[in-house]
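Residue numbers (our numbering): 32 to 194.
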């Protein structure tokens, strides 16, 4: 009877440890300094099958929502990207926050070289708002680029970043 009780306790502990470690690995840790409105739950709903497409000749993103010029040759080297957003009513009074999420490691990164947030400019290339920026992607792999306008999740772009 003691052997059965001991065995049941061991199985129970093993299950608890297994469940606990799976939960810990699935948690998203937000880096220090990230804006307060970015929530761990924002990363749970990422649709990794919704890859960015090319439209308007050279913009890569989600048509009629958001896209980037310069993401056609994404690499780990710093480069310039021009953000384009549709559906922005007051672009010059709107701030764009860009958050990178690396799928393979489950890590969150600042990808703009000047900080988390930049101001938007007016119409460009058919979009309601645009903003030039410099980006640095820290590692290769599949990335979700979460875009926030004035503190609200606006869109998510899925890119494959190569070396």
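Using N, Cα and C, we set each Cβ at its ideal position, and we do this for glycine too.
#1: Which ranges does the beta strand (DSSP E) cover as unbroken runs of at least 3 residues, wholly within the stretch 101-150, from first to last along the chain?
#2: Rounded to the nearest angstrom, what separates residue 73 and residue 88 at their Cα positions?
#3: How is the beta strand (DSSP E) around residue 166 delimited, first residue to last?
#4: Looking at C-alpha atoms only, which residue of 176, 184, 98 is the closest neighbour of residue 138?
#5: Excluding the 5 residues preceding and the 5 following residue 148 in the sequence, name in chain order all residues of the same chain whose CB lies nearer than 6 Å to its CB.
#6: Comparing C-alpha positions only, which one of 90, 60, 115, 152 sits nearest to residue 122?
#7: Please classify residue 124 as buried or exposed, where buried requires at least 16 neighbouring CB atoms within 10 angstroms.
#8: Using 10 angstroms around the beta-carbon of residue 79, count the other beta-carbons present and answer buried if the total reaches 16, otherwise exposed.
#9: Taking DSSP's pairing of strands, which residues face residue 188 in a bridge?
#10: Using 8 Å as the threshold, is the C-beta distance between residue 69 and residue 130 below it?
#11: Pick helix, strand or coil for residue 73, following the three-state DSSP scheme.
#12: Do the CB positions of residue 107 and residue 189 come within less than 8 Å of each other?
#13: Contact defined as beta carbons within less than 8 Å: I believe residue 111 pairs with residue 98. What is the distance between those atoms, to the nearest angstrom?
#14: Can you tell me whether residue 61 is helix, strand or coil according to DSSP?
#15: Between residue 118 and residue 181, how many whole angstroms is the CB-CB distance? I'm expecting something under 8 Å.
#16: Could you check what DSSP says for residue 56 in three-state terms: helix, strand or coil?
According to the structure shown:
#1: 110-116, 126-133, 138-141, 148-150
#2: Residue 73 and residue 88: Cα-Cα distance of roughly 30 Å.
#3: 160-166
#4: 176
#5: 126, 128
#6: 152
#7: exposed
#8: exposed
#9: Residue pairing by DSSP puts residue 188 in a beta bridge opposite 176.
#10: yes
#11: Of the three classes helix, strand and coil, the one that applies to residue 73 here is helix, per DSSP.
#12: It is not a contact, given that the beta carbons lie outside the stated cut-off.
#13: Contact flag wrong, Cβ pair sits at about 15 Å.
#14: coil
#15: Residue 118 to residue 181, Cβ: 13 Å. No contact.
#16: With a pLDDT of only 39 at residue 56, under the threshold of 50, the placement of this residue in the model should not be trusted, and no figure is reported.
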